[in-house]
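4 protein chains.
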Amino acid sequence: MSSKIKVAVVGASGYSGRELLRLLLLHPNAQLVGVTSRAAAGKPLTTEFPRFRGVAAADALTFITPDIDKIVATGAEVAILALPHGVAHEFASALLEAGLRVIDLSADFRLRDASVYAEYYGHEHPSPELLDEAVYALPEIKGDVIKGSRLIACPGCYPTSVLVPLVPLLRAALLTEEAISVSSMSGVSGAGRKESVPFLFCECNESVRSYSVPKHRHISEIGQELDLAAGRKVRFSFVTHLIPVNQGICTTIFTSLRAGVSLADVERVYAEAYAHRPFVRLLGRNNSPDTKNVTGTNFIDVGWSLDERAGSLILMSTEDNLVKGAAGQAVQNLNIICGFEETAGLMVL
Amino acid sequence: MSSKIKVAVVGASGYSGRELLRLLLLHPNAQLVGVTSRAAAGKPLTTEFPRFRGVAAADALTFITPDIDKIVATGAEVAILALPHGVAHEFASALLEAGLRVIDLSADFRLRDASVYAEYYGHEHPSPELLDEAVYALPEIKGDVIKGSRLIACPGCYPTSVLVPLVPLLRAALLTEEAISVSSMSGVSGAGRKESVPFLFCECNESVRSYSVPKHRHISEIGQELDLAAGRKVRFSFVTHLIPVNQGICTTIFTSLRAGVSLADVERVYAEAYAHRPFVRLLGRNNSPDTKNVTGTNFIDVGWSLDERAGSLILMSTEDNLVKGAAGQAVQNLNIICGFEETAGLMVL
Amino acid sequence: MSSKIKVAVVGASGYSGRELLRLLLLHPNAQLVGVTSRAAAGKPLTTEFPRFRGVAAADALTFITPDIDKIVATGAEVAILALPHGVAHEFASALLEAGLRVIDLSADFRLRDASVYAEYYGHEHPSPELLDEAVYALPEIKGDVIKGSRLIACPGCYPTSVLVPLVPLLRAALLTEEAISVSSMSGVSGAGRKESVPFLFCECNESVRSYSVPKHRHISEIGQELDLAAGRKVRFSFVTHLIPVNQGICTTIFTSLRAGVSLADVERVYAEAYAHRPFVRLLGRNNSPDTKNVTGTNFIDVGWSLDERAGSLILMSTEDNLVKGAAGQAVQNLNIICGFEETAGLMVL
Amino acid sequence: MSSKIKVAVVGASGYSGRELLRLLLLHPNAQLVGVTSRAAAGKPLTTEFPRFRGVAAADALTFITPDIDKIVATGAEVAILALPHGVAHEFASALLEAGLRVIDLSADFRLRDASVYAEYYGHEHPSPELLDEAVYALPEIKGDVIKGSRLIACPGCYPTSVLVPLVPLLRAALLTEEAISVSSMSGVSGAGRKESVPFLFCECNESVRSYSVPKHRHISEIGQELDLAAGRKVRFSFVTHLIPVNQGICTTIFTSLRAGVSLADVERVYAEAYAHRPFVRLLGRNNSPDTKNVTGTNFIDVGWSLDERAGSLILMSTEDNLVKGAAGQAVQNLNIICGFEETAGLMVL
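Residue numbers (the numbering used here), protein chains in the order written: chain A, 17 to 365; chain B, 17 to 365; chain C, 17 to 365; chain D, 17 to 365.
Pasting the structure below:
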C-alpha cells in the first residue's frame, strides 16, 4: 500500500500513549505524523521512551505541544486522544472542526446521558452536543455502526472486560434478573503515569487491595451498555482491585441462568457472537484465562463455568488494560474506520 | 513464667512450617523442642532456613525424621502438624494416643461429615472416628469450645477470610437468601513449597488467573460453617485467584441485606462480635483492606460497603494466608488451649 | 525494667520512619512518646500506617508537627531523626541544646570533612561545628566510641553493606592496593516515600538499572571509612542498581589478596572481628547471601569466595536497607547509648 | 517473497523455545514447520502456550517428539535447537548429516577447546569433531564468518552482555591488563522452565542473591572470546545475581583505560564498531541502560562512564536474556545465513 493514513497521538507520554506509539510505529497502514506532550514538548520521542530508540519511525519524531494548530499542521487525518477525561472533549471538538476524525480514549464521549456523566465524573458534561454523534466503539458488540463514525469513544478498560462476556448472554436473554456481581483485578498501569505516593513501587508491590468501593466510575458505562443489551435495567455490583502487575485485567463475573437454560446454550450464543471475531478467544468450559497470555496483545480471553451447587454461572475474562482495554482497541477502531484489515498492526505477540 | 510448653512442629520445611518456626522461636511461653522434615532430616534448621540463623533457639535445632517415636522423645506436649491432607490424620491419631495434644493445619479434621471429605478430597476419610472429637478452631467464631479440646483443626486460609466477615451477619439473620458470591485472591505461598512448573517465578509473576473453578476444596468447610451459622443451607459461589505476591489473601464478598436491615445494623453486629477480639480489625464503612497491612501478622482486616444502586452489601477482608490463615491461627489456638494470653507471641509487626 | 527510655521519632511518615515505629512500638526498653510528620500532623498514627492498628502503643499516638518545642514537650530523652539531609542538622542542633540525645539517620553528620559534604551534597555544610562531636556509628566497626556520644550519625544503607565486609580486611592489611570494585543492588524503598514518576510501580517492576554512575553520594562516606581502616587512600568504584524488591541490599565486592595471604587468613580476621557481633552472620566460603534471609531483620549476612583464576577475592553481603541500613541500626545505637542489651527489640523475624 | 525458509524448533516447550516461536510465528521470511517437545508431543502448540492461540500459524501446529526422522519429515531446511547442553550435540550431528543447517542455543558448540568444555560442564565433549566447524555466532563481533556456516553456536545470554561492551575496546587495546570485574544480574527465566524449588515464585520474589560464585559456566566462553579479542590472556572475575524479573540481564563491568587513552577514544571505537549494527544502541556517556527498555526486543543497550576518582572505566549493558541472549540472536543468525535482512522479524516492540 503506497499511501498510509496519517495519525497523530495527542497525549503521548502516558501509558496508553506509549502503547499507541508501540502499535502505530510498526503499523503497516498508518504513519505516525505527530505526538504531543505538554511536559516533553521539544524532546525527541526516544528520550521519553528509550525503548523505541533504533526504530526508524521513532527516531524521526519529536514531541510537540498539544496545540490544535500544531496538530493540524502535522497533516494528520486521524487524531487519537490519550488525554484525561474533562480535557479530551476540547481537543475532540476542535479537531473534528478542523476536519480530522477523532478516536478518544477518555471517558468524555462514552455516555449517552450527560447527567450520568455529571453524577460519575463530578462536573457538568462540557460538550453535550457531541454525545449524539459519538459511538461507543466496542467493535465486538457494536459491529458496523463504528465504520462511518468520525467521533469514536473507546470503552474503558474494565468495561471491555465486563461487556464482552456479558452482552451476548443478556441480548439472548439467558440470564435471570438477580444482581450480577463483578470482581475485577487490574495492573497498576491503570492508574496512569503521574506522580503519586499510592502508586509507588513499594506501595503496590506485595499488596492486593480493593478500591473505589462501591461506586467506581466505570459503573456508569457498564450500566449503560448492559441495560442496552438486556432491554431492561440490569442490577450489578462492581468491585475493582489493584494487583501488583504492570498490565492486565482479570474479571470474574457471578450471574445465573434462567430456568431451562443450559451451559450449552451459553456456548452456542458465544460461538455465534464471537467465533469470527479475531480478538475474542473462547477458552471453553471450566478453563480459566490468565492475564499473562494476553499482555501486550489485543486479545480478550473468555472462560466460563457452571456452579451447579450454588446455581451460579461464572464468567471469566482477561485482557491487557492498555491494549484491548485502551490503545489496541483504538487501533482496532482506526482499522475499522479506515477500511483496513481489522487485525492490521495488531497481531503482535 | 518459668516453665514453657514444649512444642514440636511436624512438617516444618514448608511455608506454613516456616511461619510456625518464626512465631514459636520467639514465643514467650513456648519452647520448640522438635522440628521434623523427611527431606531435611539430620540437617540443622538454619541450613534449610538461613533466615533464622543467629537466633539461639534456632541454632540449637536439627531436623528429625517424622517418626512418632522420635517426636514423642522430644518431650513435646503439643504437636503442630503442617502436613498435607491425607497424611496428617495418621500422625494426629498416634500422637493423641501418646498423650500429646494436636493442632492440625491440614484439612483432615475440619469437616464433620466424612462423606463431604470424600467428595472434596477424592478419597474416603481415613480416621472418621476422630471427627467428633475435633474442633473447627476459628477462635473468633468458636470461642470457648476450643479451650478444652485435644484435637484442634485449624481452618483453611480462604475459609478464615470468608467466615470472619460472614458468620456474625448470618447468625444475626441480616442477609437475604440470595446466592452469595465470593471472590478471593491469594499469594503464591498458598500453593506450598514443592517442585512445580505452574508455580515457578516466571509462571506467576506478571500473571493473574482464577483457578479450581467452580469447585475449590475449601467450599466444603466454608459451606459447613455458613450453614451452621445461618441455621439453613446457604447458597454461595467461590472463585479463587492466584496473585503475584508471596503472602496475603484478599477476599471480596457480594451479598444483600434483608428488607429493613441497614448498614448500621451490620456495624452493630460486627462491633458486638469483634470489638474485643484482638486480631479482627474493623476498618469501617467504605474502607478497603490491603494485604500489605496484614502480611506477617495475625490480624484480619474487615471493611464493608453498601452498594445501594445494586442493592448489594460488599464485605472485604485481608489476612496473611500463612499467618492468620495457618501458622498464626495455630499459635493462637495453642495459646487458647494452654491458657496463655491469646496474643502471646503474636504481636509481631 | 520499670522505666523505659522516652523516644521521639522526627520524620516518621517515610519508610525509615515506618521501620523505626515498627521496632520501637514493641521495644522492651523504649517508649515511643512522639512522632512527627509535617503532612500528617494531627492524624492518628494508624491512619498513615494502618498496619500498626491494634497495637496499643500505636493506637495511642497522633502525629505532631516537627517543632522543637513540641518534640521537647513530649518528654523525649532521645530523638531519632529520619529527615532528609540538609534538614536534619537544624533539628539535631536544637534538640541537643534542649538536652536530648540525637540519633540521626541522614547524611548530615556522617562526614568529618565539611568540604567533602559540600562536594557530594551540593551545598555548604550547615553546621560544621557539630562534625567533631558526631560519631559515625557503625557499631560493628566503631565499638565503644559510640557509647558516650550524644550525637549519633547512623551510616548510610549502602555504606553499611560495603564497610562490614571490607573494613576488617583493610585493617589487617590483607588486600592489595588495586582498585576495589563494588556493585550494589537496592530495593526501591531506598528512594524514599515521595511523589515521583521514576519510582512508580510500573517504572520499577520488571526493570533493573544502574543509577548515579559514576558518583553516588555514598562514595563520600565509604571513602572516608575505607581510608581510615586502611591508613591510606583506598581506590574504589561503586555502582548502584535499582532492583524491583521493596527492601534489601545485595552488595558484591571485587578485590584482591596481597601475595602470601590466603582465604584462611580472611576467615580468621572475620572470625576475630565478628564472631561475637550479634548481627553479623558469617556464611562461610563460597556461600552467597540472599536478601530474603535478612529483610525485616537487623542482620547483615556476609559470604566470600576466592576466584583463583582471576586472582580476585569476592566479598558478598546482604542486609535490609531500612533495618540494618537505617532504622535497625538506629535502634542498635539507641541500645548502645542507653546501656541496653545490644539486641533489645531487634531479634525480630 | 513467495517462498519462505522452512524452520523447525527442537525443544520448543522451554522459555527460549517459547521466544523462538513468538518470533518465528510472525517472521516474514520463515515458516515454522515443526516444533518438538518430549513432554507435550501430540498436543496442539496452543495448549502449552495459550498466548499464541488465535495466530493462524500457531493454531496449525502440534508438538512432535524430538526424533530425527520426524524432524526431517517436516521438510525443515534449518533446525534451531533449544535443548540442554549435552543433549543438543546429538541432534546437531544427525541433522547436519540429513542436510539441514543447525542453529544451536546450547553450550555444546561454543568452545573451541574440548578440554575447557570438560572442565566447565563436567563431562567430556561428546562431539569434538564438530568444534572446528562450529561458529561462535555473535553477529556484532563475528561479522561475515557466520554467513557461510552450517553449524551456528549462539552465544550464552550473559556472554553476549559482556562481550558486546568489551570486545571492541580489547581489540583496540584501550584497556590496562588489570583484572576486569563483571557483575551481572539476570531475570529468573535464565534458570529454565523446569520443576524446581529454588525457582518457585516465593523463593525468588523479594529476593536478590548471587550464585555460582566464583566459577559460573559462562566464564569459559567469555574467557575464550576476550582472549581472542585482546590477543592475550585476559584476567576477569564474573559474578552473577538472580533478580526477581522474568526477563532481562543487566551487566556492569569495571575495567580501566591505559595511560593516554580517553573516554573520547572509547566512544570513537564504539561508534566504529557499532554505529551501523541495528541491534546495538549506544546510549552515550553516563547513561545507564535499563532492562525494561530491551525486554521482548533484540536490542542490547550500552552505556559507559569514567570514574576519574578511582581510575576506572565502567561499562553497562542490558539485553533480554531470552531474546538478544538466546532466541532473538538465533533468528538474527537465521537471517544472516539465509541472506534475509538482518532485522527481519526482529523489529518487535
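Just so it is clear, CB atoms sit at the ideal spot from N, CA and C, and this is done for glycine as well.
Just so it is clear, the structure is predicted and the values come from calculations on it, not from any experiment.
Under DSSP, Ile330 (chain A) forms a beta bridge with A:Phe270, A:Ser321. Distance from the CA atom of Glu113 (chain C) to the CA atom of Ala104 (chain C), rounded to whole angstroms, is 14 Å. The three-state reading of DSSP puts Asp120 (chain D) in strand, counting E and B together. B:Thr52 is the residue among B:Thr52, B:Phe125, B:His101 whose C-alpha sits nearest the C-alpha of Ala95 (chain B). Pairing Ser177 (chain B) with Gly341 (chain B) gives a Cβ-Cβ distance under 9 Å. For the C-beta of Glu194 (chain B), the chain A residues within less than 7 Å are, from N- to C-terminus, Glu194.
Residue state for Leu42 (chain B) is assigned as coil, using DSSP reduced to three classes. Any Cβ of chain A closer than 9 Å to the Cβ of Asn337 (chain C) would place that residue at the interface, and such an atom is absent. From the listed residues C:Phe125, C:Thr63, C:Leu322, C:Leu154, the smallest Cα separation to Leu191 (chain C) is found for C:Leu322.
Straight-line spacing of the CA atoms in Ser32 (chain D) and Tyr136 (chain D) works out to 22 Å.
Take the alpha-carbon of Pro60 (chain C) and the one of Phe79 (chain C): they are about 6 Å apart. For Val255 (chain A), the enclosing beta strand (DSSP E) begins and ends at 252–258. Below the 7 Å Cβ cutoff, chain B contributes Pro66, Arg67 as neighbours of Asn309 (chain C), in chain order.
Among the residues facing chain C, Ile259 (chain D) is included, as its CB has a counterpart in that chain under 9 Å away. Put simply, the CB of Asp323 (chain B) is near chain A, with a gap under 9 Å to one of its CB atoms. For the set B:Ser226, B:Leu329, B:Leu77, B:Leu39, the Cα lying nearest the Cα of Asn302 (chain A) is the one of B:Ser226.
Rounded to whole angstroms, the separation of the alpha carbons of Ser253 (chain B) and Ile196 (chain B) is 6 Å. Ala291 (chain B) sits exposed, since fewer than 16 C-beta atoms from the chains shown fall within 10 Å of its C-beta.
Contact between Ser328 (chain B) and Ser272 (chain B) holds: their C-beta atoms lie close to 5 Å from each other, under 8 Å. Remark: C-beta atoms of Ala108 (chain B) and Asp120 (chain B) approach each other more closely than 9 Å. Against chain D, a Cβ distance below 7 Å from Ile330 (chain C) picks out Val229, Pro230, Ser253, Val255. Here DSSP, grouped into helix, strand and coil, assigns Gln348 (chain C) to helix. Residues of the stretch 205–226 of chain C that bring their beta carbon within less than 8 Å of a beta carbon in chain A comprise Ser205, Arg209, Lys210, Glu211, Ser212, Val213, Phe215, Leu216, Phe217, Cys218, Glu219, Cys220, Asn221, Glu222, in sequence order. For Leu61 (chain B), the enclosing alpha helix (DSSP H) stretches over residues 61–64.
Considering only beta carbons, the part of the stretch 31–63 of chain A lying closer than 8 Å to chain C consists of Tyr31, in chain order.
Residue pairing from DSSP places Leu191 (chain B) in a beta bridge opposite B:Leu273. Across the stretch 347–359 of chain C, no CB contact with chain A closer than 7 Å is found for any residue. Following the DSSP letters along the chain, one finds Ala245 (chain A) inside the alpha helix (DSSP H) bounded by residues 235–246. For Lys86 (chain C), the uninterrupted alpha helix (DSSP H) segment begins and ends at 84–89.
With fewer than 16 other Cβ atoms from the protein chains shown falling within 10 Å of its own Cβ, Ser278 (chain B) counts as exposed.
The three-state secondary structure of Arg34 (chain A), taken from DSSP, is helix. Rounded to the nearest whole angstrom, the CA to CA distance from Thr90 (chain A) to Gly50 (chain A) is 6 Å.
C-alpha of Val161 (chain D) to C-alpha of Ala110 (chain D): approximately 23 Å in a straight line. Between the alpha carbons of Leu182 (chain A) and Glu288 (chain D) lies a distance of about 59 Å.
Apart from sequence neighbours up to five positions away, the residues of its chain that approach Ser223 (chain B) with a beta-carbon distance below 7 Å are Pro260, ordered along the chain. Counting along the chain, the unbroken alpha helix (DSSP H) around Lys158 (chain A) starts and ends at 155–158.
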